[in-house]
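Numbering (UniProt numbering), first residue to last: 1 to 455.
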């Protein structure tokens, strides 16, 4: 059983290894053989009402509650030492606790003086902490409140109202707000900005909204999700507010900002950090150009564009763009050529850097990979009731993804590298490959701005 918050004071007395050893002793002694035989025969259920695990948990909790009361009173039940004591046992109060294995009915003992405060099952607590964690994990995985209710009733025999489940998931809102307003570093060499579309109920209609996400790379090359904001649509004016908020939280300088080619986006960034280099994402630029290209020609156009963004210099890139514009494909799709021409000044900055830095800043893939995982989670939800619900789910989803990957890596700890299959960090806490070489290039390009932070 997962303990509640009030139980964690005694959590250090146990550990997963000790619990596993106790279970193995029971297995070796054959104590579970008869139980499992009955489970296999369909005579006994493991979970749900009347199941083996709820009954076992009930027995453990009842024994623990009696032990707590004994410790509180200072004498065992029936012990003559208790005669004349100012306090004594005084019956029990029925209580049902919802757990990961189903509902567990208990008889909570009382004392005559009314001073007994059980820690194992605290007063007012109706759910074991593990059940709350399970609900939050299911929610972070993309299940709706209604889906979670059905899942608990079907698998555990535990019925919780939609309001109760909503309150459990809302319990993280204070943590989300603290995360969203936490102080940030003074400088992030690289900042990625992007948005994904979500559906939010607005009155009697469901409208598209843009969830704006910012990912910063610190001086150690570690990525951090700096915040999530929801707005009716992705727009430069709103991004200006996002940048202003990031500055108010402590960011004084950003060397390079990677973003899409949204009109006015660069100006919004430069209004907050005037010295920042704004780099239009090459992948976004390619996608924008492909809108005007027929499906049959897309591979050819993609191959023709590659020499442009892999050119060694700005002059070479200009020559490649001119050659593309004069080619048969360029004349067939002038709008695709115009897409690159119009974005040229915001595209070329990364060409001034060496390859080690180019591959980090030419695209917003750091956020694109995150958004891809988030879209898989939100696609089955239909729509969200509020903007705060969007932020809550995305925050929980990011945390849940990173936690699951961390657990997978922990399971493979000690295995040879060739046998490890666990995924690396997605974004939060991930280290940019080749960061030391990239940082060296940044130090040469921005010695006055980066130097004071490297000493």
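We treat Cβ as the ideally placed atom computed from N, Cα and C, and that holds for glycine.
Bounding residues of the beta strand (DSSP E) (the contiguous stretch that carries residue i)
i, result
"residue 209", "205-217"
"residue 229", "223-231"
"residue 98", "89-99"
"residue 279", "277-280"
Residue i CB to nearest heavy atom of the ligand MG below 6 Å
i, result
"residue 323", "The ligand MG is absent from the structure shown, which contains no ligand whatsoever."
Rounded separation between residue i and residue j - CA only
i, j, result
"residue 446", "residue 341", "28 Å"
"residue 228", "residue 435", "25 Å"
"residue 444", "residue 248", "28 Å"
"residue 337", "residue 344", "11 Å"
"residue 39", "residue 132", "27 Å"
"residue 197", "residue 209", "6 Å"
"residue 396", "residue 403", "10 Å"
"residue 5", "residue 149", "For residue 5, the predicted model reports a pLDDT of 39, less than 50, meaning its position is unreliable; a value from the coordinates is still stated below. C-alpha separation (whole angstroms): 23 Å."
"residue 93", "residue 159", "22 Å"
"residue 335", "residue 295", "15 Å"
"residue 110", "residue 407", "41 Å"
"residue 25", "residue 179", "44 Å"
"residue 413", "residue 428", "20 Å"
"residue 37", "residue 20", "21 Å"
"residue 97", "residue 122", "11 Å"
"residue 326", "residue 265", "30 Å"
"residue 420", "residue 192", "30 Å"
"residue 378", "residue 89", "53 Å"
"residue 206", "residue 372", "22 Å"
"residue 456", "residue 27", "Residue 456 lies beyond the residue range present for the chain, which begins at 1 and ends at 455; the question has no answer from this structure."
"residue 11", "residue 118", "Low confidence applies here, because residue 11 scores a pLDDT of 38, under 50, leaving its location unreliable; read the following figure in that light. Taking the straight line joining both Cα atoms gives about 15 Å."
"residue 456", "residue 374", "Residue 456 lies beyond the stretch modelled for the chain, which goes from 1 to 455, so this question has no answer here."
"residue 214", "residue 452", "25 Å"
"residue 398", "residue 454", "30 Å"
"residue 173", "residue 389", "9 Å"
"residue 289", "residue 224", "31 Å"
"residue 253", "residue 194", "19 Å"
"residue 56", "residue 87", "30 Å"
"residue 73", "residue 63", "15 Å"
"residue 285", "residue 401", "29 Å"
"residue 433", "residue 365", "13 Å"
Bridge partner(s) assigned by DSSP for residue i
i, result
"residue 199", "208"
"residue 437", "Paired residues: none, contrary to the question."
"residue 191", "216, 257"
"residue 384", "200"
"residue 105", "96"
"residue 111", "89"
Within 7 Å, strictly: CB atoms of residue i and residue j
i, j, result
"residue 187", "residue 135", "no"
"residue 282", "residue 349", "no"
"residue 61", "residue 52", "no"
"residue 201", "residue 54", "no"
"residue 120", "residue 65", "yes"
"residue 363", "residue 222", "no"
"residue 220", "residue 185", "no"
"residue 75", "residue 82", "yes"
"residue 166", "residue 145", "yes"
"residue 263", "residue 346", "no"
"residue 423", "residue 449", "no"
"residue 189", "residue 255", "yes"
"residue 304", "residue 329", "yes"
"residue 183", "residue 250", "yes"
"residue 351", "residue 314", "yes"
"residue 236", "residue 272", "no"
"residue 108", "residue 58", "no"
"residue 176", "residue 392", "yes"
"residue 239", "residue 268", "yes"
Boundaries (first-last residue) of the alpha helix (DSSP H) holding residue i
i, result
"residue 176", "173-180"
"residue 62", "52-73"
"residue 300", "298-309"
"residue 429", "Per DSSP, residue 429 belongs to no alpha helix (DSSP H) and is neither H nor E."
"residue 451", "447-454"
"residue 34", "33-40"
* To do: Could you name each continuous alpha helix (DSSP H) segment of 4 residues or more that falls completely within the segment 132-168, going from the start of the chain to the end?
  => Runs of the alpha helix (DSSP H) inside the segment 132-168: 145-155.
* **Whole alpha helix (DSSP H) elements within the segment 317-367, 4-residue minimum** => Taken in chain order, the whole alpha helix (DSSP H) runs of length 4 or more contained in the segment 317-367 are 328-332, 334-342, 344-347, 355-361.
* Residue ranges of each alpha helix (DSSP H) within the segment 231-274, 4 or longer -> Counting only runs of 4 or more, we get 236-248, 265-272.
* **Runs of alpha helix (DSSP H) wholly within the segment 383-428 (minimum 4 residues, chain order)** => With a minimum length of 4 residues, the continuous alpha helix (DSSP H) runs that stay inside the segment 383-428 are 387-411.
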